[in-house]
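When we follow the working numbering, the leftmost residue of the sequence shown carries the number 6, and every step to the right adds one. Glycine included, each C-beta is placed from N, C-alpha and C at the ideal position. Small disclaimer: the values here were computed from a predicted structure and weren't measured. Please read the structure below before turning to the comments.
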Amino acid sequence: MGYDTEFAKRKFPEQALEIEQLTSRNESFRELCHDFSIADELVQDWESSMAPGRDERYAEALELRDWLGKEIHTMLDLAKVVPFPAAR
């Protein structure tokens with residue numbers, strides 16, 4: 006299954022290479038990027054909606070997108086940590 010990482014790379018262009026690298030080796034990160042893209046679509050849909058409850062749903066989608074963005078940053082930061090070998 007292909008995962009959409011384009012939104013994550015557009016949102017965090019300075020980390021596009023790291024996003025590509027982590028995506029290639031971490032299924033959880035691929036899924037997170039995919040969810041981030043879906044959350045952005047929800048934000049856009051609710052932003053232009055005229056449906057009842059629009060403001061509440063828009064706020065929820067925005068909160069979800071922001072939280073997923075923070076999770077992406079966390080995973081990218083954790084991927085930079087190089088573990089030291091165990092002492093013998």
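Terminal residues of the alpha helix (DSSP H) in which residue i lies
i: Val48; result: Glu32 to Glu52
i: Arg12; result: Looking at the sequence shown, residue 12 is not Arg but Phe. First-last of the alpha helix (DSSP H) with Phe12: Glu11 to Lys16.
i: Gly74; result: Arg59 to Lys85
Distance CB(residue i)-CB(residue j) smaller than 8 Å
i: Met80; j: Phe12; result: no
i: Gly74; j: Lys16; result: yes
i: Glu65; j: Leu37; result: no
C-beta neighbour in chain B for residue i, strict 8 Å
i: Asp82; result: In the displayed structure, chain B is absent; only one protein chain is listed.
Discussion item. Using a Cβ distance threshold of 8 Å, determine whether the region 62 to 74 contacts the region 35 to 50, with at least three qualifying pairs required.
Written reply: yes
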